[in-house]
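Residue numbers 0 to 567, in numbering that gives the first Met the number 0, belong to the letters of the sequence shown in order. Where is the CB? At the ideal position from N, CA and C, for every residue including glycine. In this text the structure is predicted, and so the values were computed from the model without any measurement. Right, one structure below, let's go through it.
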Amino acid sequence: MHTTETLNDISPIKSLAILGGTTGLLLSRLAFGFELYPTIIFTLGLGAVALALLVGHNALAIRRFASLGLLIFTLILFAIYQYQQDSFDNIQPIAFFLTLLIFTIATAFIQSWSVTKPHYIYNELFKNAWNNPIHITLALLLTGATFALLGLASLLFMSLGLGFFSTILFNSVVTPIIMGTMMGIAIGISYQYQELIFKFKHLLFSLFKILAYLSAAITIIFALSLPFTLEKLFSGNNAAVILLWLTLVSITLLNSQVDASYNRQQAINASFFNHYLLISQIFLSPIFIILSLYAIYLRIDQYGLTPPRLFSLAAALFAFILTAGYAVLTLKYQFNWRKAIIKANPPVALFGLAFGILLLSPLLSPTRLSTNNQVERLLTGQVSPEQFDYSLLKYHLGKAGEQALTKLADNKSHPLYAHIKVGIDKTEEKPISPPEPELIIVPNADLPPEPELSTLVATMKNNCHPQSHCILTTADITKTGKKDILLFNIDKTSHPSYPIILKAYRKQGKDWQEFARLMPTAAMDLPEAIKNNSPDFYVNAIKAGQINIIAPPVYDVTIGELELRPNR
0 MHTTETLNDI SPIKSLAILG GTTGLLLSRL AFGFELYPTI IFTLGLGAVA
50 LALLVGHNAL AIRRFASLGL LIFTLILFAI YQYQQDSFDN IQPIAFFLTL
100 LIFTIATAFI QSWSVTKPHY IYNELFKNAW NNPIHITLAL LLTGATFALL
150 GLASLLFMSL GLGFFSTILF NSVVTPIIMG TMMGIAIGIS YQYQELIFKF
200 KHLLFSLFKI LAYLSAAITI IFALSLPFTL EKLFSGNNAA VILLWLTLVS
250 ITLLNSQVDA SYNRQQAINA SFFNHYLLIS QIFLSPIFII LSLYAIYLRI
300 DQYGLTPPRL FSLAAALFAF ILTAGYAVLT LKYQFNWRKA IIKANPPVAL
350 FGLAFGILLL SPLLSPTRLS TNNQVERLLT GQVSPEQFDY SLLKYHLGKA
400 GEQALTKLAD NKSHPLYAHI KVGIDKTEEK PISPPEPELI IVPNADLPPE
450 PELSTLVATM KNNCHPQSHC ILTTADITKT GKKDILLFNI DKTSHPSYPI
500 ILKAYRKQGK DWQEFARLMP TAAMDLPEAI KNNSPDFYVN AIKAGQINII
550 APPVYDVTIG ELELRPNR
């Protein structure tokens, strides 16, 4: 009997588990700085072996499955290129959101695409575009629950002295594989319950309907107030962002109310007032985006281009094309705004897909474009060498910024070279470092003499939070007749509900080691303690027995040739 399993026959859960596991491994290997090409070859090879074992010689039977995998790996490569070339910390949240958006759009088209014309049906696009985030959300919930359960199991085994369980599960290789695999399994399971997804989506859209009308009303009220507040609108730094977000949220809510089966007369008959309320919002949205674009332009003209401003500009341009398309097509289809949205969304979405990929690629690298703009402003005299932000190039624009700073330092032929060099030198002299914590030594504390005291103080400062007061004193907390070092870490922004951190130290060899952590008991007036902020208050609290030792750690002990290791 022939039992070879084809990709058409295999469970989607198995397929998605393999795809998720290999993708998770690829992400982890690249994120931890491994070589790019060997990692790709290794991961793709592992995925190919797994597929071959599962489906035999028909591994590529479904083109959509292969296309989706190719899309995921392509997006990862773009994101990793940005990570290697640019200051990823500066643009990471925006780039991550953009990657998710690209993935959502592309996946919806891949799922709905047909080789024959018409290549897609809007109802299918609509369903997939909304269903996919729901599937992913459910998958994230299951993945989170899985790791919570594994974490509890790990703690249980550690209490029995079996720490290897945690070491095996939680590392840079196994953890991403588990995460990706569970995501794939969860998505596969959720696809088997489409009726529940449909009911949940219907409930969500009912709630969104209320919000859509509310956002439309806010839009109209805001538009009516603009003639009296326009000057104040552009005087604030957040005008462009607020205006842009208002429009994007309104567009999203409006799209949730689209039904391709509606015709113009049905829509008008449903509710005349609500119908034209939403139409008013459609015509106002492009105007808001133009105002947002102008506000972004003012910021760029005044301070130059930065990655966040470039992303804001790109989002505003995309939103303008989309909203202008809605407005024009609404007029064309005699105020049938649903038909206008149905016609406008697919081509604009494909444009946004291509534009987003370009932003994540070297072609429109935000840090490179920002660096070029900032340097041009300096060299052409738009900003003086004294006012130029050299730290932006050094600390916030990645390799492109650092290379530009080096070129500026070597460009001795420029007329303003001497002034530019002074600014660069000042930047080099002022590295960014966290503020040093304040350490208060209690008078008459039984502390060791110099030079041991200097070593102790330096060690204690390293154990203080930068934004805190630290109090150093001594007390016999174990009732052994020997005073221990006590370090009180008090957050300057403490709220009465926050605990105070108290640590006890003893010298072991040449180093000071923490041997116990302490906490206030119920007898201690915690709000008063934080308000008082006096070293004497805590010393008196110790004498009054208001501080107890909790969970003191036990260290390894060596007696002669015998080593005693506690059962952790």
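By the beta-carbon neighbour count (other beta carbons within 10 angstroms, threshold 16), residue 220 is exposed.
The way I'd put it, the stretch 399-408 does touch the stretch 359-374; three or more beta-carbon pairs between them come closer than 8 Å. The secondary-structure analysis by DSSP pairs residue 445 with nothing; it has no beta-bridge partner. Under DSSP, residue 515 shares a beta bridge with 503. Under the 8 Å Cβ criterion, the stretch 358-365 does not count as touching the stretch 381-394, having fewer than three qualifying pairs. Taking a 10 Å sphere around the C-beta of residue 280, we find 16 or more other C-beta atoms and assign the residue as buried.
Taking a 10 Å sphere around the C-beta of residue 294, we find 16 or more other C-beta atoms and assign the residue as buried. For residue 292, same chain residues with a beta-carbon under 6 Å away, outside a window of 5 residues either side, are 315 in chain order. Where residue 380 is concerned, there is no enclosing alpha helix (DSSP H), because DSSP gives it neither an H nor an E. Between residue 341 and residue 387, the CB-CB gap reaches or exceeds 9 Å.
The three-state secondary structure of residue 409, taken from DSSP, is helix. In this structure, residue 278 places its C-beta atom within 9 Å of the C-beta atom of residue 329.
Contact between residue 288 and residue 251 does not hold, since their C-beta atoms are separated by about 14 Å, which reaches or exceeds 8 Å. With a 10 Å radius around the Cβ and a threshold of 16 neighbouring Cβ atoms, residue 369 comes out buried. Bounds of the alpha helix (DSSP H) holding residue 134 are 121-158. In this structure, residue 101 sits away from residue 349, with a CB-CB distance that is not shorter than 9 Å.
Bridge partners of residue 474 according to DSSP: 483.
Excluding five sequence positions before and after residue 459, the CB atoms of its chain that fall closer than 7 Å to its own CB belong to 438, 469, 471, 486, given in chain order. For residue 451, the enclosing alpha helix (DSSP H) has its first and last residue at 451-461.
Residue 253 has its alpha-carbon roughly 16 Å from the corresponding atom of residue 121. In terms of Cβ geometry, residue 178 and residue 156 do not form a close pair [threshold 9 Å].
The straight-line gap separating the alpha-carbon atoms of residue 452 and residue 446 is approximately 7 Å. Around the beta carbon of residue 150, a 10 Å sphere encloses fewer than 16 other beta carbons of the protein chains shown; the residue is thus reported as exposed. The alpha carbon of residue 128 has as its nearest neighbour, out of 457, 109, 143, the alpha carbon of 109.
Residue environment: residue 167 is assigned as exposed (fewer than 16 neighbouring CB atoms within 10 Å of its CB, all protein chains considered).
Under a 10 Å Cβ-count criterion, residue 380 is classified as exposed, with fewer than 16 other Cβ atoms of the shown protein chains found around its own Cβ.
Here residue 195 is exposed: its Cβ has fewer than 16 other Cβ atoms, across all protein chains shown, within 10 Å.
Counting along the chain, residue 344 sits inside the alpha helix (DSSP H) bounded by residues 336-359. Approximately 6 Å separates the beta-carbon atoms of residue 311 and residue 239; this is inside 8 Å, confirming the contact. In this structure, the straight-line span from the alpha carbon of residue 211 to that of residue 97 is close to 24 Å.
The residues 128, 131, 132, in chain order, have a CB closer than 7 Å to that of residue 103 in the same chain once the five nearest residues on each side in sequence are set aside. Around the Cβ of residue 421, a 10 Å sphere holds fewer than 16 other Cβ atoms; the residue is exposed. Secondary structure remark: continuous alpha helix (DSSP H) runs of at least 4 residues inside the stretch 189-230: none found.
Under the DSSP assignment, residue 303 falls outside any alpha helix (DSSP H); it carries neither an H nor an E label. Under a 10 Å Cβ-count criterion, residue 229 is classified as exposed, with fewer than 16 other Cβ atoms of the shown protein chains found around its own Cβ.
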